[in-house]
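Numbering (the numbering used here), first residue to last: 2 to 388.
Cβ coordinates follow ideal geometry from the N, Cα and C atoms, glycine included.
All values derive from a computational prediction rather than experimental measurement.
For reference, the structure discussed in these notes is given below.
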């Protein structure tokens with residue numbers, strides 16, 4: 002029989018795997034699968050086609066529907082260029098905090114969920130508990146949908162999903178949806194002294210980016226809808242965070258590339274924002290082609306994450322409120338895999354240790370107080386499953 006590791010030791014093991022989204026997560030998945038097997042828990046994998054990545058899911062307790070599902074992602078964001086004071090892939094305890102990439106987002110929760118699954122196995126849970134660990138969450142939540150689909154014929158359908166993104170152990174019942182589009186503006190190069198004969202891809206791309214500014218201003222000034230009022234900001238936003246293009250200062254840019262992303266409040270149709278963006282793209286493209294016909298703008302969908310809509314008397318939310326004592330209403334503007342579980346027919350809520358403000362930062366940390374609060378939550382959950 003394998004040793005039953007405490008949550009902190011499990012987190013140390015998970016942090017030790019540098020599962021940056023661009024790289025494999027298979028060594029971590031191998032370890033989790035072996036650890037669970039050592040405690041008599043069979044795990045199942047969904048393998049990503051053409052890439053060395055996998056999701057993992059498992060079930061303990063009665064082989065019946067109605068499980069509580071503990072959901073986390075295994076990938077983390079890069080540390081490149083960040084001024085870390087410690088090794089990001091080793092848990093360092095200092096000043097009442099655990100430092101390391103993923104301690105907050107979200108291997109701290111993953112460790113607690115793995116611990117809870119093993120404890121529920123030994124406690125002889127009378128209600129089933131499931132674990133679901135995904136990949137590629139940090140690059141658009143693209144790993145959860147195929148994992149959720151793969152779970153359906155293998156495990157009994159769960160009833161309530163707790164997605165452990167950092168929420169300071171509050172019950173978060175809603176978040177914005179997201180959709181994004183890679184945009185490639187293909188212009189025509191000439192010497193910049195002959196500007197009118199070329200098509201400067203950067204300058205035409207700027208028209209699309211400025212359109213995003215106009216959209217944000219208009220949405221900010223409009224009266225927010227009933228569901229939007231709880232969010233900060235209480236409206237859908239358009240955003241461009243990176244841009245590439247150009248060859249030299251005295252040449253009209255042949256290429257300009259950027260991603261246009263939308264964070265959409267619940268109740269609004271993401272497809273409407275895509276349609277409006279494509280209409281603006283067509284307008285700008287026509288202006289380009291009036292100068293040089295062979296120019297164009299290519300728009301490629303990059304990600305699509307559904308919103309998490311607050312549920313009336315939601316099973317998952319009610320469970321988390323019982324375990325935490327949190328009766329306030331909370332929503333967040335960042336996206337998670339909770340909306341994808343909800344879209345697949347699960348009741349879903351967000352509740353995890355740590356502060357989202359620490360996610361993706363250099364010297365990322367989770368406080369010992371929050372990690373211990375997460376441990377207490379899992380202990381209460383295991384006790385609940387025994388009743």
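Item                                                                                                                                                                             : Value
Whose CA, out of 13, 12, 29, 14, lies closest to the CA of residue 20?                                                                                                           : 29
Pick helix, strand or coil for residue 245, following the three-state DSSP scheme.                                                                                               : strand
Tell me whether residue 96 is buried or exposed, calling it buried when 16 or more other Cβ atoms sit within 10 Å of its Cβ.                                                     : exposed
Assess contact between the segment 129-138 and the segment 70-85, defined as three or more Cβ pairs (one per stretch) separated by less than 8 angstroms. Is contact present?    : yes
Compute the Euclidean distance between the alpha carbons of residue 211 and residue 185, then round it to the nearest angstrom.                                                  : 16 angstroms
How big is the Cα-Cα spacing for residue 373 and residue 356?                                                                                                                    : 14 angstroms
So if DSSP puts residue 261 in a beta bridge, which residue, or which two residues, is it bridged to?                                                                            : 182
Between 301, 344, 348, 296, which has its C-alpha nearest residue 313's C-alpha?                                                                                                 : 348
When the Cα atoms are used, what is the spatial distance from residue 273 to residue 144?                                                                                        : 25 angstroms
Assuming residue 206 contacts residue 246 (C-beta within less than 8 angstroms), just tell me the rounded distance between them.                                                 : 7 angstroms
If we ignore side chains and look at the alpha-carbon of each, how far apart do residue 180 and residue 303 end up?                                                              : 7 angstroms
Can you tell me which of the three DSSP states residue 297 falls into?                                                                                                           : strand
Residue 250 lies in the alpha helix (DSSP H); which residues open and close that run?                                                                                            : Taken as a continuous stretch (DSSP letters only), residue 250 belongs to no alpha helix (DSSP H), as it is neither H nor E.
Any chance the segment 9-18 sits against the segment 43-61, with 3 or more Cβ pairs inside 8 angstroms?                                                                          : no
Just curious, the beta strand (DSSP E) that residue 73 is in, first and last residue?                                                                                            : 68-74
Could you please give the first and the last residue of the uninterrupted alpha helix (DSSP H) stretch that includes residue 370?                                                : 369-387
Quickly, what does DSSP pair residue 21 with across the bridge? List them, please.                                                                                               : 77
Straight-line CA distance for residue 325 to residue 213?                                                                                                                        : 40 angstroms
Would DSSP call residue 276 helix, strand or coil?                                                                                                                               : helix
Pick from 260, 8, 162: whose alpha carbon is nearest that of residue 174?                                                                                                        : 162
What's the gap between the Cα of residue 5 and the Cα of residue 344?                                                                                                            : 35 angstroms
My guess is that residue 170 and residue 359 are in contact by the Cβ rule of under 8 angstroms, so how many angstroms apart are they, rounded?                                  : Going by Cβ atoms, the distance from residue 170 to residue 359 rounds to 14 angstroms, so no, they are not a contact pair.
In chain order, what residues of the same chain have a beta carbon less than 6 angstroms from the beta carbon of residue 133, not counting five sequence neighbours either side? : 58, 70, 72
For residue 286, which option in 203, 234, 100 has the closest C-alpha, if you only look at C-alpha atoms?                                                                       : 203
Going along the chain, which unbroken runs of the beta strand (DSSP E) with 3 or more residues stay wholly within the segment 312-346?                                           : 331-333
What ranges does the alpha helix (DSSP H) occupy inside the segment 131-215, keeping only unbroken runs of at least 4 residues that lie completely in it?                        : 145-152
Span of the beta strand (DSSP E) holding residue 46?                                                                                                                             : 44-48
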